[in-house]
Amino acid sequence: MSELPRQIWILALGRLLSEIGSGFTIFYAPIFFVQQVGLSATSVGLALGSASISGIAGRLLSGTYADRWGRKPVLLLSTVVLAISCFIFATTNNFPTLVAGCLVQGLGLGLYWPANEAIVADLTDGEGRRFAYAITRLADNVGMGLGIIAGGLLIGTTGAYRSLFIIDGISFCCFLLTIALGIRETLQADKTAVRFVSGYTTALRDRRLIIYVVVNIILTVYISQTQTTLPLYFSGFVPQSGARGFSPQVISTLFTGHLLMTIVCQLPMLKLLQRLSHARSLMISGGFWLLGFWAISITGTINNYHLLWASLGLGLFAIAIVAYTPTASALIADLAPSSLRGVYTSINSLCWAAGYAIGPPLGGWALDRSPQFAREFWLGLAATVPIVWAILWYLERSIGPRNEVS
């Protein structure tokens, strides 16, 4: 680990600080806006969904300007925008202000990810690149976990929801200082060479990138199910004596365990996969998704041991995610020419936007049909994994068995 550039460790520290702040708000914001501000659940959902609109614009702009201005200016701008969104949330008392905060937040997140991922790609190569992405993702997960725990303690003792947003804003200010003082510009290509349309047009001519985009959207749809559909499924479709599903306390404990599993497994999984190509590592991730979907489907059909099968399913999802995240980021960085890394990482980030646009409505539609259909939905997702394997097999043939991209 000491072989990683010092700036990677500084970036990981900054990400950990910012994610602690995000963990303060991610689970508690909807509760606050419904129960304390008095907005309806529907209006809060619409407001939160509006962030995806500005998020797409932010990703497109970040991809281009990270290749024109440099990674650092775009990343600094993103932290300023995200801090502003937190302070807007802290003063929100009505629906229009909430929408404004969500739109600003979406823009900030859109600006953040392509520039951030491009910095890691610039500073690393080969297997060190996948390791660097794993370290930064580990910092994200640890920070998020600490933030969720601390946020729960603060709410439980004080009930001061608005202070969570202020703390989140301060965490982004700390991240800004970390970047400004500890990160140097990593872009080596001609900063004036890339134009908005031409950069994306050139990237989309890369057949390997298009193949990757298809499989990456599918895998992101899988991830979205764990965060949106699965909590609803656990709360209403798992047969329990005298109840329709798990209690909120049980669901919270399950997902806390899931997050801890991702933290514990991140580096060991990387070590196990280090001799494999990116495509084969993603195939292994797909295998864990298949087993996890199968385990979750069982929770809705058996009469006993529901908690055991739910824990098993979430544990398998955690392994699938830690096999996926650093590998996918490293693969897109390897595919990208140095002059278009910002554009390529932007397209990678847009895959997440697409996956989260498809996944939650798809899962909600399945849960609205019938309990039987909801249980079979997970088996339907499992049946799509062989398609993912086939696409990845074709991708590996296109780029070479040992990630020989150029």
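Numbering-wise, the sequence shown is residues 0 to 405 according to numbering that gives the first Met the number 0. From the three backbone atoms N, C-alpha and C, an ideal C-beta is built for every residue, glycine too. Note that the coordinates shown come from a computational prediction; the quantities given were computed from them, not determined experimentally.
{"Item": "Can you check which of these residues, 203, 231, 133, 150, is closest to residue 343 by C-alpha distance?", "Value": "203"}
{"Item": "If you follow the alpha helix (DSSP H) that residue 9 is in, where does it begin and where does it stop?", "Value": "5-24"}
{"Item": "Within 10 Å of its beta-carbon, does residue 288 have 16 or more other beta-carbons around it, so buried, or fewer, so exposed?", "Value": "buried"}
{"Item": "Please identify the residue among 267, 313, 383, 149 whose C-alpha is closest to the C-alpha of residue 298.", "Value": "313"}
{"Item": "Residue range of the alpha helix (DSSP H) that residue 142 falls in?", "Value": "125-157"}
{"Item": "With H, G and I counted as helix, E and B as strand and the rest as coil, what does DSSP make of residue 380?", "Value": "helix"}
{"Item": "When the Cα atoms are used, what is the spatial distance from residue 80 to residue 371?", "Value": "44 angstroms"}
{"Item": "Only counting runs of 3 or more residues, tell me where the beta strand (DSSP E) segments fall wholly within the region 255-301, in order along the chain.", "Value": "none"}
{"Item": "Could you tell me how far apart the beta carbons of residue 110 and residue 76 are, in whole angstroms, since I believe they sit closer than 8 angstroms?", "Value": "6 angstroms"}
{"Item": "Which residue marks the beginning of the alpha helix (DSSP H) containing residue 167, and which one marks its end?", "Value": "160-181"}
{"Item": "What number of angstroms, rounded off, separates the C-alpha of residue 130 from the C-alpha of residue 151?", "Value": "32 angstroms"}
{"Item": "Hey, how far is the Cα of residue 311 from the Cα of residue 234?", "Value": "17 angstroms"}
{"Item": "If I measure Cβ to Cβ from residue 257 and keep anything under 6 angstroms in the same chain, skipping five residues before and after, which residues do I get?", "Value": "313, 317"}
{"Item": "If you check the beta carbons only, do residue 350 and residue 182 fall under 8 angstroms apart?", "Value": "no"}
{"Item": "On the three-state DSSP scale, how would you describe residue 86?", "Value": "helix"}
{"Item": "Report yes if the C-beta distance between residue 82 and residue 172 is below 8 angstroms; otherwise report no.", "Value": "yes"}
{"Item": "Round the Cβ separation of residue 346 and residue 208 to the nearest angstrom and send it over; I've been treating them as touching at under 8 angstroms.", "Value": "7 angstroms"}
{"Item": "Hey, out of 337, 281, 265, whose CA is closest to residue 138's CA?", "Value": "265"}
{"Item": "Using 10 angstroms around the beta-carbon of residue 386, count the other beta-carbons present and answer buried if the total reaches 16, otherwise exposed.", "Value": "exposed"}
{"Item": "Classify residue 335 as helix, strand or coil using the three-state DSSP reduction.", "Value": "coil"}
{"Item": "With H, G and I counted as helix, E and B as strand and the rest as coil, what does DSSP make of residue 115?", "Value": "helix"}
{"Item": "How would you label residue 224, buried or exposed, when you count the other beta carbons within 10 angstroms and need 16 or more for buried?", "Value": "buried"}
{"Item": "According to DSSP, is residue 343 part of a helix, a strand, or is it coil?", "Value": "helix"}
{"Item": "Consult DSSP for residue 27 and reduce its assignment to one of helix, strand or coil.", "Value": "coil"}
{"Item": "Roughly how far, in whole angstroms, is the beta-carbon of residue 32 from the beta-carbon of residue 108, given that I think they are within contact range, below 8 angstroms?", "Value": "Not confirmed; about 18 angstroms, so no contact."}
{"Item": "Go ahead and label residue 394 buried or exposed: buried means 16 or more other beta carbons lie within 10 angstroms of its beta carbon, across all protein chains shown.", "Value": "buried"}
{"Item": "Counting beta carbon pairs with one atom in the region 267-277 and one in the region 323-337, are three or more of them shorter than 8 angstroms?", "Value": "yes"}
{"Item": "Do residue 66 and residue 198 have their C-beta atoms within less than 8 angstroms of each other?", "Value": "yes"}
{"Item": "Can you give me the C-alpha to C-alpha distance between residue 262 and residue 252, rounded to a whole angstrom?", "Value": "16 angstroms"}
{"Item": "Along the chain, where does the alpha helix (DSSP H) that runs through residue 226 open and close?", "Value": "206-226"}
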